[in-house]
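Only one structure is covered here, and it is reproduced in the block below.
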Amino acid sequence: MLGDYSLTDLSSIFVMQGFAGLILFSVYTLMALGLAIIFGQMGVINMAHGEFMILGAYMTYLCSGFFQTHLPALFPAYFFVAMALAFVASGALGMLVEWALIRHLYKRPLDTLLATWGLSLILQQAYRTIFGPREVGVELPAWLIGSVQVTDTIEIPINGMFVMAITLLITAGVALLMYRSRFGAQVRAVVQNRPMAGAVGIDTEKVDRLTFGLGCGIAGVAGSAFTMVGSTGPTSGQLYIVDTFLIVVFGGAASLLGTIASAFSISQTQSTLEFFLSGSTAKVITLLAVVGILMLRPQGLFTLKVRR
Amino acid sequence: MISPKSTSTVHDNPFMKPMEWISLALLAAVIFLVLPMLLDAFRLNLVGKYLTYSFVALGLVICWGFGGILSLGQGVFFGLGGYLMAMFLKLEASSVENTKIQSTPGIPDFMDWNQITELPWFWKPFTSLPFTILAVIVVPAFFAFVIGSAMFRRRVGGTYFAIITQAIAAILTILIVGQQGYTGGINGITDLRTLNGWDIRTDRAHNILYFVNGGLLVACILFAQYVKRSKLGRILVAMRDKEDRVRFSGYPVASFKTFAFCLAAVFAAIGGAMFTLQVGFMSPSFVGIVPSIEMVIYAAVGGRLSLFGAVWGTLLVNWAKTTFSESFPELWLFGLGGLFILVVLAFPNGLAGIYRTYVEPRLTRRVKALEPAPAVALPHAAE
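Read top to bottom, the protein sequences are chains Y and P.
At position 203 of the first sequence the residue is numbered 203 (this note's numbering), and the sequence of numbers has no breaks.
One rule links them: number in this note's numbering = place in the second sequence (from 1) + 1000.
See the structure below:
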């Protein structure tokens, strides 16, 4: 199947597909980051994670409409406002859900899974009622449209680069927050030993709520970034939830670096295979490989060495 | 999550307690007498379809309720059973006379549409009914064995197992939809007509299949009951509650878990095969993530520790689903979502749990109140 292309064509294909893979990687990373915090750190399975992401996407959609009609002068910059709003909305909903639902279920992880699945159904139907069943897209500001011509055969879309830059910023921010701040230290302390963390004066309930809210907020930002590369419908979140969980598990649940590495390997494999095979075959092969590796190495790529 | 109420002592343990015999008789009466008398042919066929799901719920009670292994991929086994049965029926429906307008007569229509000119090798054995029935049992059991033994031996359990089985359900759906020429794609395998020459589309055939289905269900309940009260069943419960202690006592924990998972898979596959026979088609929409989780909620609503509860839960949820989605399609997802949350938060043991906490004590009190009454009354009467 490689014989039909010349060498320069092939290298261009690999660069372009690699870049398409990088955009996929950015979206996966953003989604998986929130989940890595919630599932990896707290051990809570949040099946409604995709719906928190979609909430962010709808917030961006609303913002884009609002700026277009009321503040057209500021339209080029609306995206930053939308992202902040997406973070706040998803984070606030996340904290509400933690208070109403999750905190009663910390000792029953399998039940959390069912309850959050129920939540995801409710949210989906709510989106369908409020925003309609059809997929919506946002209007991109002019400076995000177009692409950079690198060589004759290689061109790179600007919105893709913007998504990657945002991913980089947020990943760095989360890493700093988790490993260099007082709050991060508290989160890790609560995760490793809850009673001991409580004994040294950490308000574990508050830390739980903030951590869950943070994870959901990041999902909201992921959804906001997602609107730049795809359209949003009430059930879009569900399409990504399995991939995202696999990424977090594949990376080694408690490791941020592992999450990023596994998002990278999965997205690159998938987008490279997609060029040569049909989309569904590429996805099947990628997922099968991940499941196969997980069966042989259930702890994932990277593991945190902690005595339990 | 775990209720100590289901534990029973080794001795003075007959096959079924009197109350359980009554439950079984009640269930059998409803399935075999009440529903066939009350419902018309269409509705009865619908109930038959619901009952095929209850095989899956029954398997989940063993696997999840007793064994503590939550599988979110039961749709895989339901689908395997259904597809294997559908392959046989489809081959019978695609005889050379029936398909002579195709460019290649004698192969299923969807293969012809996808420019496949020869029957693929894995379709060939399904011209034989005994092979198909064997395959409906063996293939899902084998899959479950491979998945289960690979994972339980590495001590993967709980949430990880749930996520990986869910991924497998996703993979199988994508595979079936993608390989249109071999599987019928998103439409599934449709237009099934006869089983060994017997037309399965008539009302009379639906009626007979309904009773066969009910009989199989009762047989599966009895087998599950046998497993539940055997030593194996007690080890399963012990493992769920204190896995390490069972392992240190020298039991091969992984093998027991694999067995429970395989049994659940076989139950699901029987349900799937009966589904295909009664409904007349099979499609990927019964394989994927969403149906798999819905099947878990059937078991959860009925009570994850109760074999009979699983059947009642399935019937109730499906009845609600049909009623609500017929009259208020907008509200159904809110209702289903709310049901998930309500069951988990307020009634972790489902309908059976409600029955055990609220109804049973009152019943036994009533029975006890009746029994000593003559003994107390007698001396008075003697005076």
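Idealized CB from N, CA, C, for every residue including glycine.
Residues bridged to residue i (per DSSP)
i: residue 155/Y; result: 149/Y
i: residue 136/Y; result: 232/Y
i: residue 1189/P; result: 1282/P
i: residue 1194/P; result: 1199/P
Inter-residue Cα distance where the pair is residue i and residue j
i: residue 301/Y; j: residue 32/Y; result: 15 Å
i: residue 1218/P; j: residue 270/Y; result: 46 Å
i: residue 952/P; j: residue 1149/P; result: Chain P is shown only over 1001 to 1383; residue 952/P falls outside these bounds and no answer can be derived.
i: residue 16/Y; j: residue 1119/P; result: 39 Å
i: residue 1007/P; j: residue 1349/P; result: Reliability fails at residue 1007/P, whose pLDDT of 48 lies under 50, so the model's placement of it is uncertain and no value is given.
i: residue 1240/P; j: residue 1351/P; result: 21 Å
i: residue 1206/P; j: residue 1298/P; result: 24 Å
i: residue 111/Y; j: residue 1280/P; result: 35 Å
i: residue 142/Y; j: residue 115/Y; result: 42 Å
i: residue 1056/P; j: residue 1307/P; result: 11 Å
i: residue 1331/P; j: residue 1339/P; result: 12 Å
i: residue 1262/P; j: residue 1139/P; result: 10 Å
i: residue 1107/P; j: residue 1099/P; result: 8 Å
i: residue 136/Y; j: residue 159/Y; result: 18 Å
i: residue 121/Y; j: residue 168/Y; result: 31 Å
i: residue 149/Y; j: residue 24/Y; result: 20 Å
i: residue 295/Y; j: residue 1223/P; result: 31 Å
i: residue 1362/P; j: residue 1368/P; result: 10 Å
i: residue 146/Y; j: residue 140/Y; result: 11 Å
CB contact below 8 Å: residue i versus chain P
i: residue 245/Y; result: yes
i: residue 118/Y; result: yes
i: residue 115/Y; result: yes
i: residue 144/Y; result: no
i: residue 49/Y; result: no
i: residue 267/Y; result: no
i: residue 111/Y; result: yes
i: residue 298/Y; result: yes
i: residue 64/Y; result: no
i: residue 122/Y; result: yes
i: residue 45/Y; result: yes
i: residue 68/Y; result: no
i: residue 125/Y; result: yes
i: residue 12/Y; result: no
is_contact[residue i, chain Y] using C-beta, thresh 8 Å
i: residue 1300/P; result: yes
i: residue 1018/P; result: no
i: residue 1154/P; result: yes
i: residue 1166/P; result: yes
i: residue 1323/P; result: no
i: residue 1159/P; result: yes
i: residue 1330/P; result: yes
i: residue 1340/P; result: yes
i: residue 1209/P; result: no
i: residue 1297/P; result: yes
i: residue 1274/P; result: no
i: residue 1348/P; result: yes
i: residue 1178/P; result: yes
8 Å contact criterion, which residue i and residue j should meet: CB distance rounded
i: residue 113/Y; j: residue 1162/P; result: 6 Å
i: residue 217/Y; j: residue 26/Y; result: Actually they are not in contact, since the Cβ atoms of residue 217/Y and residue 26/Y sit about 17 Å apart, beyond 8 Å.
i: residue 1069/P; j: residue 1257/P; result: 6 Å
i: residue 1296/P; j: residue 1072/P; result: 7 Å
i: residue 94/Y; j: residue 52/Y; result: 6 Å
i: residue 1233/P; j: residue 1066/P; result: 6 Å
i: residue 1200/P; j: residue 1277/P; result: 6 Å
i: residue 1084/P; j: residue 1136/P; result: 5 Å
i: residue 154/Y; j: residue 6/Y; result: Not confirmed; about 14 Å, so no contact.
i: residue 164/Y; j: residue 22/Y; result: 6 Å
**OP:** Answer yes if the segment 1255–1268 of chain P comes into contact with the segment 1017–1027 of chain P, meaning at least three C-beta pairs across the two stretches below 8 Å, and no otherwise.
**Re:** no
**OP:** Mind the definition here: the segment 1174–1185 of chain P touches the segment 1107–1116 of chain P only if three or more C-beta pairs lie below 8 Å; say whether that holds.
**Re:** yes
Subject >> Inter-stretch contact at 8 Å, needing at least 3 Cβ pairs: the segment 1280–1294 of chain P / the segment 1235–1253 of chain P >> reply: no
Original post:
Pairing CB atoms from the segment 1311–1327 of chain P with CB atoms from the segment 1207–1215 of chain P, are three or more of them under 8 Å?
Top reply: no
Original post:
Are there three or more Cβ pairs, one per stretch, closer than 8 Å when the segment 101–114 of chain Y is compared with the segment 214–225 of chain Y?
Top reply: no
**OP:** May I ask you to verify whether the segment 1080–1089 of chain P touches the segment 1186–1199 of chain P, counting CB pairs closer than 8 Å and requiring at least 3?
**Re:** yes
Original post:
Between the segment 59–75 of chain Y and the segment 250–266 of chain Y, are three or more C-beta pairs nearer than 8 Å?
Top reply: no
Original post:
Would you call the segment 258–274 of chain Y and the segment 231–247 of chain Y touching, i.e. three or more CB-CB distances under 8 Å?
Top reply: yes
Original post:
Does the segment 194–203 of chain Y touch the segment 171–178 of chain Y, meaning 3 or more C-beta pairs lie closer than 8 Å?
Top reply: no
Original post:
How do the segment 1026–1039 of chain P and the segment 1053–1063 of chain P stand: do at least 3 beta-carbon pairs fall below 8 Å, yes or no?
Top reply: no
Original post:
Okay, do the segment 41–55 of chain Y and the segment 230–242 of chain Y touch, 3+ Cβ pairs below 8 Å being the bar?
Top reply: yes
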